[in-house]
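Each remark here refers to the structure printed beneath this line.
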Amino acid sequence: MSAAREGLVVASHGRHCVVESSDGQRRICHPRGKRNQSVVGDRVLWKPAAPGASRGHGDEGTIERVQERRNLFYRQDEVRTKSFAANLDQILILLAAEPVFSESQLARALIAAEAAGITPLIALNKSDLVEPFERAWQRLLPYRHMGGDTPGQAHHYRVLPLSLAQCAEVDRTALLAQLQGKATLVLGPSGAGKSTLVNLLVPGAAAQTGEISQALNSGRHTTTSTTWYWMDAERSTALIDSPGFQEFGLRHIAATALAHHMPDLAAHAGSCRFYNCTHLHEPGCAVRAQVADAADATCQDGTISANRYRIYAELFEELSAAPRY
Ligand SMILES: Nc1nc2c(ncn2[C@@H]2O[C@H](COP(=O)(O)OP(=O)(O)OP(=O)(O)O)[C@@H](O)[C@H]2O)c(=O)[nH]1
Ligand SMILES: [Zn+2]
1 MSAAREGLVV ASHGRHCVVE SSDGQRRICH PRGKRNQSVV GDRVLWKPAA
51 PGASRGHGDE GTIERVQERR NLFYRQDEVR TKSFAANLDQ ILILLAAEPV
101 FSESQLARAL IAAEAAGITP LIALNKSDLV EPFERAWQRL LPYRHMGGDT
151 PGQAHHYRVL PLSLAQCAEV DRTALLAQLQ GKATLVLGPS GAGKSTLVNL
201 LVPGAAAQTG EISQALNSGR HTTTSTTWYW MDAERSTALI DSPGFQEFGL
251 RHIAATALAH HMPDLAAHAG SCRFYNCTHL HEPGCAVRAQ VADAADATCQ
301 DGTISANRYR IYAELFEELS AAPRY
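For the sequence shown, full-length UniProt numbering gives the first residue as 1, with consecutive numbering after it.
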């Protein structure tokens, strides 16, 4: 019996996953048990399959154990839990001037990131589309100023303007500075420019996925759901591409914990008269007292935008409702 070796899960497809060993070699691995419990980003212990035992995919292996995770980013609706990836340093939410993004989806992704303890970063692409960009940038005002404007104090979220198609060197440099040495999960609505981003930043992205598809030996299974790409030869900077920005279920978060994961609300929640205030109808609610009347109000002065509060109230109701199944 050979000893188990360490590896990194770089793609996952149904019951198979692709494990990269320290020498960079990638191979298909099957879980030892019935279910595939590993997700992309997992560190695993694997063993090569016994000679002759492989199922025609060449060199294969078995996952013996999934090592303890630093974090796990996932969403959950009423019927299922979907894991995006594990052991992440940050989550890049890629939006664009067009198509118009959903603020509710953005808020959900940010809440899930906060709940998992992973730093989110927001980028708004297509700055070359001047007017739509201006409108979208304006819609992001509460996010750009969250955390207040006290001199010397950083905003809660970093929001980067970008034009990936024009690939201005200054944009690329700003983005690279944010990604260097980290494992970043990229999330975003369809059409925002995720593929453009991956192709711009990952040399040989096609080759990396080609290798995976080849390893999966499956013309039928060409789309792996989540993929880990190395941006550098030293394999220190990674981008993880994942679908699933739509229908971002937050069933794993208690309604009463929501405000805690929304920094603009959390800043005031401690001053409510009742310690268990839901910020929906209680007297002496410090959160509601800060909700701006005007739809275009910002968080610049510590106020809460009307949209953010509406999103909170809607989510609170959704998460309090009894399961339908
Ligand atoms: N004007 C403009 N168009 C861009 C920019 N970046 C990407 N695009 C275009 O936007 C479209 C969508 O880009 P993709 O990279 O395919 O978007 P995606 O997020 O991968 O979309 P899906 O494949 O549907 O998930 C393409 O036609 C790109 O050429 C940009 O900075 N400015
Ligand atoms: Zn309150």
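Virtual Cβ for every residue (Gly too), placed ideally from N, Cα, C.
Whole-angstrom distance between residue j and residue i, CA atom to CA atom
i: R80; j: G24; result: 33 Å
i: G61; j: Q178; result: 35 Å
i: R5; j: K47; result: 6 Å
i: V18; j: H30; result: 9 Å
i: T196; j: Q166; result: 11 Å
i: L258; j: H145; result: 20 Å
i: H252; j: Q76; result: 6 Å
i: F101; j: L121; result: 16 Å
i: R158; j: E317; result: 29 Å
i: I311; j: S127; result: 26 Å
i: K82; j: Y74; result: 6 Å
i: E109; j: A50; result: It should be noted that the sequence gives Ala, not Glu, for residue 109. Looking at the two C-alpha atoms, the distance is approximately 42 Å.
i: H260; j: A286; result: 14 Å
i: E114; j: E78; result: 21 Å
i: K34; j: G14; result: 12 Å
i: L124; j: E134; result: 10 Å
i: P142; j: L187; result: 20 Å
i: V170; j: L164; result: 11 Å
i: D264; j: S2; result: 54 Å
i: V10; j: A267; result: 38 Å
i: E131; j: N199; result: 26 Å
i: G148; j: L140; result: 14 Å
i: A254; j: H155; result: 26 Å
Continuous alpha helix (DSSP H) stretch holding residue i: start and end
i: E6; result: Per DSSP, E6 belongs to no alpha helix (DSSP H); it is in the beta strand (DSSP E), R5 to H13.
i: I130; result: Per the sequence shown, the amino acid found at residue 130 is Val instead of Ile. It spans V130 to R139 - the alpha helix (DSSP H) in which V130 sits, taken as one unbroken run.
i: E114; result: E103 to A116
i: E78; result: No alpha helix (DSSP H) holds E78; DSSP gives it neither H nor E.
i: Y157; result: Neither: Y157 is in no alpha helix (DSSP H) and is coded neither H nor E.
i: R172; result: E169 to L179
i: K47; result: K47 -> not in any alpha helix (DSSP H); beta strand (DSSP E) instead, spanning R43 to P48.
i: T196; result: K194 to L201
i: L319; result: A306 to S320
Beta-carbon spacing of residue i, residue j below 8 Å
i: T184; j: Q105; result: no
i: A192; j: L95; result: yes
i: Q153; j: T237; result: no
i: residue 344; j: S320; result: Because the chain in this structure spans residues 1 to 325, residue 344 falls outside the shown range and cannot be described.
i: S12; j: T226; result: yes
i: A136; j: A97; result: yes
i: Y93; j: M262; result: The amino acid at residue 93 is misidentified as Tyr; the sequence shows Ile. No, the pair does not count as a contact, with Cβ atoms beyond the cut-off.
i: P189; j: F248; result: no
i: L280; j: A233; result: no
Beta-carbon contacts of residue i that lie in its chain and below 7 Å, excluding the five residues immediately before and after
i: V66; result: Q37, S38, D42 and V44
i: A322; result: none
i: A292; result: T303, I304, S305 and A306
i: S21; result: R5 and G7
i: I118; result: N71, F73, L88, Q90 and I91
i: K182; result: D89, Q90 and T237
i: E64; result: A4, R32, L45, W46 and K47
i: A174; result: L160
i: L129; result: A97 and E98
Own chain partners of residue i with C-beta closer than 6 Å, once the 5 adjacent residues on each side are dropped
i: R273; result: G284
i: R172; result: none
i: Y309; result: V291
Residue span of the beta strand (DSSP E) that contains residue i, given as start and end
i: S21; result: H16 to S21
i: I91; result: Q90 to A96
i: A123; result: T119 to N125
i: L185; result: A183 to L187
i: C29; result: R26 to P31
i: R65; result: E60 to V66
Close beta carbons around residue i, own chain, < 8 Å, minus the five adjacent residues each side
i: V202; result: Q208, Y229, W230, M231 and L239
i: L176; result: L201
Min CB distance residue i to chain C below 8 Å
i: E6; result: In summary, chain C is missing from the structure at hand, where a single protein chain is found.
>> Extract the residue ranges of the alpha helix (DSSP H) inside the region 241-282, only unbroken runs of 4 or more that lie entirely within it.
In response: 263-269
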